[in-house]
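There are 2 protein chains.
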Amino acid sequence: MSKSNGALDARLEDAARAGWLYYVAQNTQDEIAKKMGLSRQSAQRLVSLAMTAGLVKIRLDHPVARCMTLAMDVKQKYGLDSCEVTLTDPSSNDPALGIAQVAAAEMERYFLRKEPTIMALGTGREIRTAVDELPSLDCSQHRIVSVVGSLAPDGSANDNDPLNHIGDVTHAPRHPLSVPVIASSADERRVICAQKPIRRNFDLAQKADVAFVGIGELNDSPPLLTDGFITWEELKSIQSSGGVGEIVGWSFDAQGQLIDSDINERVSSVSLETLASIRTIGVARGQDKLPAIRGALAGKWLSDLITDEATAEQLLK
Amino acid sequence: MSKSNGALDARLEDAARAGWLYYVAQNTQDEIAKKMGLSRQSAQRLVSLAMTAGLVKIRLDHPVARCMTLAMDVKQKYGLDSCEVTLTDPSSNDPALGIAQVAAAEMERYFLRKEPTIMALGTGREIRTAVDELPSLDCSQHRIVSVVGSLAPDGSANDNDPLNHIGDVTHAPRHPLSVPVIASSADERRVICAQKPIRRNFDLAQKADVAFVGIGELNDSPPLLTDGFITWEELKSIQSSGGVGEIVGWSFDAQGQLIDSDINERVSSVSLETLASIRTIGVARGQDKLPAIRGALAGKWLSDLITDEATAEQLLK
DNA sequence: TTGCATAATGGGCAAATGCTCGTTAATATG
DNA sequence: CATATTAACGAGCATTTGCCCATTATGCAA
Chain L
1 MSKSNGALDA
11 RLEDAARAGW
21 LYYVAQNTQD
31 EIAKKMGLSR
41 QSAQRLVSLA
51 MTAGLVKIRL
61 DHPVARCMTL
71 AMDVKQKYGL
81 DSCEVTLTDP
91 SSNDPALGIA
101 QVAAAEMERY
111 FLRKEPTIMA
121 LGTGREIRTA
131 VDELPSLDCS
141 QHRIVSVVGS
151 LAPDGSANDN
161 DPLNHIGDVT
171 HAPRHPLSVP
181 VIASSADERR
191 VICAQKPIRR
201 NFDLAQKADV
211 AFVGIGELND
221 SPPLLTDGFI
231 TWEELKSIQS
241 SGGVGEIVGW
251 SFDAQGQLID
261 SDINERVSSV
271 SLETLASIRT
281 IGVARGQDKL
291 PAIRGALAGK
301 WLSDLITDEA
311 TAEQLLK
Chain W
1 MSKSNGALDA
11 RLEDAARAGW
21 LYYVAQNTQD
31 EIAKKMGLSR
41 QSAQRLVSLA
51 MTAGLVKIRL
61 DHPVARCMTL
71 AMDVKQKYGL
81 DSCEVTLTDP
91 SSNDPALGIA
101 QVAAAEMERY
111 FLRKEPTIMA
121 LGTGREIRTA
131 VDELPSLDCS
141 QHRIVSVVGS
151 LAPDGSANDN
161 DPLNHIGDVT
171 HAPRHPLSVP
181 VIASSADERR
191 VICAQKPIRR
201 NFDLAQKADV
211 AFVGIGELND
221 SPPLLTDGFI
231 TWEELKSIQS
241 SGGVGEIVGW
251 SFDAQGQLID
261 SDINERVSSV
271 SLETLASIRT
281 IGVARGQDKL
291 PAIRGALAGK
301 WLSDLITDEA
311 TAEQLLK
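Note that the protein sequences, when read in sequence, are chains L and W. With our numbering, the residue at position 100 of the first sequence is 100, and numbering never jumps. With our numbering, the residue at position 274 of the second sequence is 274, and numbering never jumps.
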């Protein structure tokens, strides 16, 4: 054993003593200094060293601690601005369970702001459930804009549009996008989107402070299909082009690239590029949505993610 | 699940979040407050709760951490004023290894005092080694008094008397007890102890600020026998009376009670009652001494103990 | 030995923390 | 429904902590 090693050992031993006195015996650094015959500063250095040298291990025995660690790792891995991970209830298949409450809390934080805020809303069970979780708030200073059409293929209004629900409880001015989610043709879409009120909505979305969006899976029974926005043939076409998920109607592949397909020419939602330029919070969980979430993250369409423990684990593999 | 439990759970969950942010993510309480939408005080309460509720587990990965925990437990269990535990070197049988250095450090602390101090010294390998470890110190303001005789049965001075060694390095005035450790009879002991200079030494010991004593085992080759202070027959007699250990010549049983024996009538050391009335630091370690240490602690003859890891573990069983 | 380089030390200060106390909100009770 | 009881809250303050910087030890080569 070399002399320098010996000296390091001695210092580490002192650090361990100081660390023990500080963390286990709850002494103040002054008390440690007195007991070890040091100045307060030296004691502080030893305590600090005990931590730096990794002698001190802190563990948090609570399920949410794991969630927070997962959140940090997901945030890190995908370069997100933030990530929230909730507990998973294995006995439930509800795609919105847990994450909707978190999304609602985040929405509420925006609504409680004094400054006028523009909030953009996408589609999905998660978003709608989140909106339902909101308490009654009077915040007429804010505005809510939809980034996705609210009309079904037959031209009827979509009862599920979260914009209606959110207006009921917040009394904030609403800006619905009264267009079909998917136009019947690329030409129709161009005409629709050229309309002035629609363009105003798009401009408003561009200036939104935050957008909340669900992430749709593109397996054999995706929301887009069950809600009648696309046909079985169209779905198959998207799938064969590599589509794994969609956000507000825009289908993308595993790398997050928009699918080069007829459908994407007909989507009349706010563009993903627009969403990517503002704070866009994705709200999604579940095995089914995993490829979709991965694609959305790969394409950098989201700045923030709200998901659950099981999904976060998968995302880290 | 009752409502109150639910509320407690929610609070604990918040506590876990706050604790995670504080201990794992190294946030300040202000940052936690901002992130969780609370006041700084509430965040502080949650962090504190996380600790109180036992969610936060702090572990120190270093051998000395274990020693310090053992020391705390021994101190607690035996009602000591303090306890120090050193690392055990399993490859050595030296009865003084490690503990002598600690005892020396403690002695040094007394010698470095400004105020005049009286230090009492007992016998034993541990004490002598400790004294040898002392650096050269000039501290003539202090006094050192022996609590045990320094004469062998043949009347010769004991070279091992730590008093001689300690005087060489400290230049503090020495007060040796120039009497036989064990007088040849109870009557002789009475005569000896009645002498004025001897009585003065006893009085000085009574006023000592601290005493350092070894703890002698009473197996079949104890120091008392090998140094020729008692005969084999006397040892056997003590053993048959239940003697398990001795301090400065006084033999006691497993409960710490002084042995009712001829030998204890002839011991001319300072009484254990006197030692018990001042700060008396026992210095001992090793499997052999375990019953002796247990007895000494049971009899409350010591206020402080310096031992090693392995011995401390045994003491806690 | 001298001079230089590096590390350790303690003073001092701003930030962070723990705690008490009066007030307010929530809940139970009559 | 009014009132009592309790828990939570935040303001304010004293203590504790982290860290910069000037100064002092320590080592080391010339």
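Glycine included, every Cβ here is placed at the ideal spot set by N, Cα and C. Quantities reported herein were computed from a predicted structural model and do not represent experimental measurements.
Checking the DSSP bridge columns, you'll see C83 (chain L) partnered with L:L305. Residues of the region 213-230 of chain W with a Cβ closer than 8 Å to any Cβ of chain L: none.
At a cut-off of 8 Å, the C-beta of K57 (chain W) has a neighbouring C-beta in chain L. Under DSSP, G245 (chain W) takes part in a beta bridge, and its partners are W:E217 and W:F252. Put simply, the backbone Cα of M51 (chain W) is about 50 Å away from that of V148 (chain W). In this structure I127 (chain W) touches P162 (chain W) by the C-beta definition: roughly 5 Å separates them, less than 8 Å. The beta carbon of D73 (chain W) lies closer than 7 Å to those of L316 in the same chain, with the five residues before and after it left out. Checking the DSSP bridge columns, you'll see H175 (chain W) partnered with W:V145.
With respect to chain L, the C-beta atom of E13 (chain W) has a partner C-beta closer than 8 Å. Three or more beta-carbon pairs drawn from the region 174-182 of chain L and the region 139-159 of chain L are found closer than 8 Å, and the two stretches are therefore classed as touching. Shown here, T226 (chain L) sits in a helix according to DSSP, grouped into three states.
When rounded, the separation of the alpha-carbon atoms in R45 (chain W) and V56 (chain L) is 23 Å.
The three-state secondary structure of A157 (chain L), taken from DSSP, is strand. Here K317 (chain L) carries a coil assignment [DSSP, helix/strand/coil].
Residue pairing for K57 (chain L): DSSP places it in a beta bridge opposite W:R59.
If you check the CB distance, A284 (chain W) and I215 (chain W) come in under 8 Å.
It is roughly 39 Å from the alpha-carbon of G155 (chain W) to the alpha-carbon of E309 (chain W).
Secondary structure of L134 (chain L) (DSSP, three-state): coil. DSSP links P180 (chain L) through a beta bridge to L:L151. Residues A183, R266 and S268 of the same chain have their beta carbon placed closer than 6 Å to that of R189 (chain W), with the five preceding and five following residues left out of the count. In the displayed model, A16 (chain L) falls within a helix according to three-state DSSP.
Around the Cβ of Q26 (chain L), a 10 Å sphere holds fewer than 16 other Cβ atoms; the residue is exposed. Of the residues L:A205, L:K289 and L:D262, the one whose Cα lies closest to the Cα of V145 (chain L) is L:A205.
Per the coordinates, the alpha-carbon of D260 (chain L) lies some 10 Å from the alpha-carbon of D253 (chain L). In this structure, L:E133 is the residue among L:G19, L:E133 and L:Q29 with its C-alpha nearest to the C-alpha of Q101 (chain L).
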